[in-house]
Structures are given as structure tokens and as C-alpha cells.
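Below is one structure, written out as C-alpha cells; the observations come after it.
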DNA sequence: CTTGAAGCTATAGTTGCTAGAGACATTAGC
DNA sequence: GCTAATGTCTCTAGCAACTATAGCTTCAAG
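Residue numbers (the working numbering), protein chains in the order written: chain A, 1 to 146; chain B, 1001 to 1146.
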């Protein structure tokens, strides 16, 4: 049996985050010691590692919730899991495209800054006028998490 | 003089967002009409467009605050603005590297899903065991905003 | 047996907005 | 001039996914 600090260290998740996951129902309520401290077994550790890994891969907690409920029913077809992963992949590809454009734009800005005064600074100038941009980096794509 | 909805439309920023920017001091308090509605001139529109553009490029509101105060003092050297832009570029490059690794991992996961049952699903399996990964996509990089 | 680390609960804060309620202002059509 | 639709006002609360703080209790080592 592991304390919360121990599984946290093993799974690479901070202690308050584990308590948070329990609170929102991603992890089941842990058993308690005589002194009211949470105790975890190997299954809990695996589940936490699963969550951590999925978070690393950029899945939202909602997606992870779905994936976990899928993995809890191993006799079902895996179409749903595949769909979640594909959606995530598509999302990552969108972010990649956008970030690539942003990188180009920022490089242009930075290269042109000659170390003069703000009045002549291309960084400020480019930010003030989108028409100076080469790429169309409009329309966000809300780059959340990972 | 433009109403809040008009500059919002022109700058591509939603009305409540403009009020929010005013609230946190990114935009100065707008003048008011007889009926207490906010009215904006060209300077306000330019400032808002600046903010919008910088947000598009992934700058945080804090960075934008700094950039705005720089652009308000055009006689200063532009080293600071350059530094902010370079930091942003570095951040974007870090995210790009990470997202590229994630994409590879997700592609591996998705390709291997054969349409069987969850029990055999590589998506679930890979998420449960980091050692099945080829890349090291650990250590977040908190992918905030753009 | 004492000390210090680790654990507990509960609440509030973070970032960058977005949504809702209920009241007032403005504008377009008739 | 009137009415209806749209726009704007303030205020509060909510979103993700945590993180931090305060003030307490429990545990393990020396």
C-alpha cells in the first residue's frame, strides 16, 4: 500500500493533483489508513499512470474520462477509443500547422529588430499592423493544455 | 466615434472581451455617451488591434501589457521588446518540438487499432504503459493560449 | 519523545475569457 | 411618434486543469 506522496512520485503527478482527480471522479475514492490518510494499491497506480500519460499526450480530462470508462469495459469494440485518439491527432495536427505559421512570423519580427529605439522597432510595428504579416495566423484554435 | 460592438467587429474581438481588457487595465477606460455607452476613437481601435494581433501570435496578456507600455514610450531602446518576442519564439519552438513528438505517438497508436475489442486496443494499451512509447513526450510545457 | 516531513480539509487564486440575468439605450420600420 | 428589435450596461458566476494557502493531524526517524 502506497501513500499519496509515493504514487505521486511513481506516476509523476503532484499530490494536490491526485486529490483533485479524486474530487472530480477520475480516480475512485481511496481507502484510508487508521489515521485517515489515503492508501493506494497497484490498480490505482496504473490508473493514475494512464491518466498522466494521456495528459502528456494532450487528451483533455473529459476525453480521459471516456477512455477510462472504455478500458473498464474491455469486451466492447474499440471504435470509440480509436475515434477519441483520432480526434486528438487531428487537434494536434491543427495546432502544429498554426504554431509553424506563428514561428515563421515571430522569426521575421525578431530578425528585423535592429537594436534601435522602440519607435523603429519592427516587433512593435508588426504587432500593430496585421497587414505587415506574411502568414494568416488568424482564427485561434484554442491551444489548450499539454 | 465607435460603439463597443463596432470596434469589436473591426478588430475581431468580442464585446465582453473588450470590457474584460478594460477591466484588467489593458485598455484605458473608454469615454461614455450621454446614455453611458462606451465610445472609442481610432487610437483605441489601434490598441485593440495590437492586442488582438499579439494574442494571435501567442503572447500572454502579461507580455502584451509589457509590449504596450514599451510602445507607449517610443524613445526607449527596443531591447526589451526584442527580448519578449524572442522569449515567445523560444516558447513556440518548444511547443512545436513537443507537438511533433506527440503527433508521431498518436499516429502510432491510431494506426495500430485494428477495430477489434477494447481488450486488444492499442490505444488503451499504449496509454496504460509509457514504455510502449517510442518518443519521450514527458515534461509538459504547459501549452497555453494561442 | 520530540521534531520535522508528509498528510488532511477547505477555500481561494490562476489565465483568458464566456455566459447569464435583468435593466437601460439606440435605431429601424411603420 | 410608437413600437419592436437589437445593442449595451453592470454584476455575478463559470470553464479547464490545476496550484497555493492556512491551519490542522499523523507518521517515521533519531
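Where a beta carbon is used, it is the ideal one built from N, C-alpha and C, also for glycine. All of these numbers come straight from a predicted model, not from anything done at the bench.
Straight-line gap, residue i to residue j (C-alpha atoms, nearest Å)
i               : j               : result
residue 1072(B) : residue 1078(B) : 12 Å
residue 1074(B) : residue 1091(B) : 26 Å
residue 1070(B) : residue 1081(B) : 7 Å
residue 35(A)   : residue 3(A)    : 12 Å
residue 76(A)   : residue 1117(B) : 5 Å
residue 127(A)  : residue 109(A)  : 9 Å
residue 1040(B) : residue 1006(B) : 9 Å
residue 1028(B) : residue 1042(B) : 13 Å
residue 1061(B) : residue 1013(B) : 14 Å
residue 1022(B) : residue 123(A)  : 23 Å
residue 1033(B) : residue 1016(B) : 18 Å
residue 146(A)  : residue 1125(B) : Residue placement at residue 146(A) cannot be trusted, given a pLDDT of 36 that sits under 50; what the coordinates show is reported in the next sentence. Rounded to the nearest angstrom, the two C-alpha atoms are 20 Å apart.
residue 101(A)  : residue 1(A)    : 49 Å
residue 93(A)   : residue 1130(B) : 22 Å
residue 152(A)  : residue 1047(B) : Here chain A comprises residues numbered 1 to 146, so residue 152(A) is not present and cannot be evaluated.
residue 121(A)  : residue 1121(B) : 54 Å
Sub-9 Å separation of residue i and residue j beta-carbons
i               : j               : result
residue 1096(B) : residue 67(A)   : no
residue 30(A)   : residue 9(A)    : no
residue 26(A)   : residue 86(A)   : no
residue 1038(B) : residue 1052(B) : no
residue 1151(B) : residue 1059(B) : Because chain B spans 1001 through 1146 in this model, residue 1151(B) falls outside it and cannot be assessed.
Nearest-angstrom beta carbon gap, residue j and residue i [assumed within contact, 8 Å]
i               : j               : result
residue 1011(B) : residue 1054(B) : Not confirmed; about 12 Å, so no contact.
residue 1057(B) : residue 106(A)  : 6 Å
residue 63(A)   : residue 88(A)   : 7 Å
Bounding residues of the alpha helix (DSSP H) (the contiguous stretch that carries residue i)
i               : result
residue 1070(B) : 1061 to 1071
residue 92(A)   : 79 to 112
residue 1129(B) : Careful: residue 1129(B) lies outside any alpha helix (DSSP H) and carries neither H nor E.
residue 76(A)   : Residue 76(A) -> no alpha helix (DSSP H), and no H or E assigned at all.
residue 1027(B) : Residue 1027(B) -> no alpha helix (DSSP H), and no H or E assigned at all.
residue 56(A)   : 42 to 56
residue 1008(B) : 1004 to 1011
Near the ligand MG: residue i beta-carbon under 8 Å from a heavy atom
i               : result
residue 1002(B) : The ligand MG is not among the ligands present in this structure, which contains no ligands whatsoever.
Residues of the stretch 62 to 75 of chain A with Cβ closer than 8 Å to any Cβ of chain B, in chain order: 67, 70, 71, 73, 74, 75
Residues, ordered as in the chain, of the stretch 1076 to 1095 of chain B that lie near chain A by beta-carbon distance below 9 Å: Listed in sequence order: 1076, 1077, 1078, 1079, 1080, 1081, 1082, 1084, 1085, 1086, 1088, 1089, 1092, 1093, 1095.
Under 9 Å (Cβ pairs) to chain B, residues found in the stretch 98 to 109 of chain A: Within the stretch 98 to 109 of chain A, the residues whose Cβ lies closer than 9 Å to any Cβ of chain B are, in chain order, 98, 99, 100, 102, 103, 105, 106, 107, 109.
Members of the stretch 1038 to 1049 of chain B that neighbour chain A once the beta carbon cut-off is set at 8 Å: 1046, 1049
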